[in-house]
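In this note's numbering, the protein residues as written are 10 to 156.
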């Protein structure tokens, strides 16, 4: 019998009506001016807010690390999502919520913007997933050594 082309690894494929997919992305974006404002509990709040956004917009966060001046996410999303739209939703909603809860952030960031306008989006395969996860986990240790 021939190899089933849809069986890459168990539980790595998702099924929709008429399609099968496995779309994971490593997403990174930075605070405006790389200011280290996501500290003192704000990192935990960011994680909670991002998880709620994932539930609301039906994508899955596989891994997340909030650093003082940037955010790493490993997400699994449906093919209907444009990455640029997903980033816009996450950055926009997260900034709005953070400014409502912590208006003092606007004073730390000139111009009232929480995020740098750019971002990084990299596709993740089964082979590279472990490397990405190790890199994300190592970010906190790297930050501790700097300080």
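The beta-carbon is built from N, C-alpha and C at its ideal position, and this holds for glycine as well.
Since the structure is predicted, the reported quantities are computational estimates derived from the model, not experimental observations.
Beta-carbon spacing of residue i, residue j below 8 Å
{"i": "residue 47", "j": "residue 102", "result": "no"}
{"i": "residue 56", "j": "residue 75", "result": "yes"}
{"i": "residue 145", "j": "residue 81", "result": "yes"}
{"i": "residue 88", "j": "residue 24", "result": "no"}
{"i": "residue 54", "j": "residue 131", "result": "no"}
Contacts around residue i, its chain only, beta-carbon distance under 6 Å, and the 5 residues preceding and following it disregarded
{"i": "residue 40", "result": "46 and 78"}
{"i": "residue 138", "result": "none"}
{"i": "residue 112", "result": "none"}
{"i": "residue 33", "result": "85 and 133"}
As assigned by DSSP and simplified to three states, the class of residue i
{"i": "residue 50", "result": "coil"}
{"i": "residue 107", "result": "helix"}
{"i": "residue 93", "result": "helix"}
{"i": "residue 66", "result": "helix"}
{"i": "residue 137", "result": "helix"}
{"i": "residue 14", "result": "For residue 14, the predicted model reports a pLDDT of 38, less than 50, meaning its position is unreliable; a value from the coordinates is still stated below. It is coil, neither helix nor strand."}
{"i": "residue 146", "result": "helix"}
{"i": "residue 86", "result": "coil"}
{"i": "residue 128", "result": "coil"}
{"i": "residue 71", "result": "strand"}
{"i": "residue 22", "result": "coil"}
Spatial neighbours of residue i in its chain, beta-carbon cut-off 7 Å, leaving aside the 5 residues before and after
{"i": "residue 115", "result": "108 and 121"}
{"i": "residue 52", "result": "75"}
{"i": "residue 106", "result": "58"}
{"i": "residue 90", "result": "68"}
Option nearest residue i by Cα separation, candidates the options
{"i": "residue 71", "options": "44, 65 and 142", "result": "142"}
{"i": "residue 31", "options": "106, 85 and 91", "result": "85"}
{"i": "residue 123", "options": "35, 26, 42 and 150", "result": "42"}
{"i": "residue 104", "options": "92, 118 and 93", "result": "118"}
{"i": "residue 36", "options": "83, 44, 154 and 60", "result": "83"}
{"i": "residue 69", "options": "155, 149, 99 and 152", "result": "99"}
{"i": "residue 126", "options": "73, 93 and 49", "result": "93"}
{"i": "residue 65", "options": "95, 44, 49 and 38", "result": "95"}
Min CB distance residue i to chain D below 8 Å
{"i": "residue 118", "result": "Chain labels in this structure do not include chain D; a single protein chain is all it has."}
Other residues of its chain near residue i: CB distance less than 8 Å, five sequence neighbours each side excluded
{"i": "residue 26", "result": "none"}
{"i": "residue 10", "result": "Model confidence at residue 10 stands at a pLDDT of 40, short of 50, so the residue's coordinates are unreliable and nothing is read from them."}
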